[in-house]
Amino acid sequence: MRIALLTLALLFLIPEGLVIGFPFWSKPASADVIIVLGANVDARGPKPFYRARLDEAVRLYEAGYAPVIITTGGQGPTEPISEGIAGRDYLIARGVPPEAIVAETSSTSTLENLIHARRIMAERGDATAIIVSNRFHLFRAMLLARFAEVEASYAGVFVGEYWPEEIVGHLREVPAIYFNALRGLWRLYDAG
């Protein structure tokens with residue numbers, strides 16, 4: 262029984278350590294584009310987590326890290342507009358020129374965000390990206406970016422006034438990592 266509990270603890274704690282640590286040793290590098298992973302929007306526009314990601318993209322853009330920002334995300338069942346369009350509109354309101362923004366509007370998951378962003382990058386002739394998300398999400402985003410063959414560095418945000426949601430985000434990442442791994446294995450099995 263102890264061995265089973267220890268194994269379960271390690272299966273959670275090791276990936277959780279990577280989820281916590283990755284944002285601190287991963288830094289953004291100059292790239293062709295900045296990819297902002299989508300998050301919830303409402304009638305007023307991006308909600309706080311997505312807004313923080315977009316604000317980080319503006320900071321990186323203004324600092325000269327990349328000349329183009331790709332906003333990602335389709336329209337969820339409770340969202341009045343796609344995350345990609347809401348993100349684009351927010352960036353324009355923040356002063357980013359419309360010609361420096363590409364909105365991806367059909368994805369429904371982080372993996373799809375990255376696959377569609379990679380397609381946009383290929384069409385534009387771009388090779389490298391900075392992926393922006395919440396810190397708790399960066400490690401899984403990195404794993405999915407590798408799966409999607411997006412060459413990237415990473416920038417993470419922490420939304421302090423929503424710290425309970427940040428903690429929940431950290432805790433749900435480990436099951437999400439395992440789910441994504443199983444989904445990837447299933448796709449490989451199904452394709453073979």
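Numbering (the numbering used here), first residue to last: 262 to 453.
Think of the CB as a built atom: it goes at the ideal place given N, C-alpha and C, for glycine as much as any other residue.
Quick caveat: nothing in here was measured; it's all calculated off a predicted structure.
With 16 other Cβ atoms within 10 Å as the buried cut-off, status of residue i
i, result
"Arg401", "buried"
"Thr333", "buried"
Given residue i as reference, the closest of the options once Cα atoms are compared
i, options, result
"Val302", "Val294, Arg312, Ile295 and Asp293", "Arg312"
"Gly299", "Lys308, Val411, Ala292 and Ser291", "Lys308"
"Ile275", "Glu434, Asn441, Tyr351 and His377", "Glu434"
"Gly417", "Arg263, Ala270, Ile264 and Val280", "Val280"
"Tyr326", "Val357, Ala292, Phe283 and Asp350", "Ala292"
"Pro328", "Gly278, Ala290, Thr371 and Phe273", "Ala290"
"Glu373", "Gly335, Tyr423 and Glu412", "Gly335"
"Tyr351", "Arg305, His398 and Leu443", "Arg305"
DSSP beta-bridge partners of residue i
i, result
"Ile275", "Answer by DSSP bridge pairing: none, since Ile275 is not bridged."
"Asp303", "Gly306"
Residue i beta carbon near the ligand MN (any heavy atom closer than 7 Å)
i, result
"Gly417", "As for the ligand MN, it is missing from this structure, which has no ligand bound."
So, does the region 337–349 touch the region 362–374, judging by three or more C-beta pairs under 8 Å? yes
Quick one: which unbroken beta strand (DSSP E) runs of 3-plus residues sit fully inside the region 309–352? Chain order, please. DSSP runs (the beta strand (DSSP E)) wholly in the region 309–352: 330–332.
Does the structure place the region 374–385 close enough to the region 313–327 that three or more beta carbon pairs sit under 8 Å? no
Beta strand (DSSP E) runs wholly inside the region 384–410, at least 3 long, in chain order: 389–395
Counting Cβ pairs, one atom from each stretch, are 3 or more of them under 8 Å apart for the region 387–401 and the region 264–271? no
Take every Cβ of the region 417–426, pair it with every Cβ of the region 328–345, and state whether three or more of those distances are shorter than 8 Å. no
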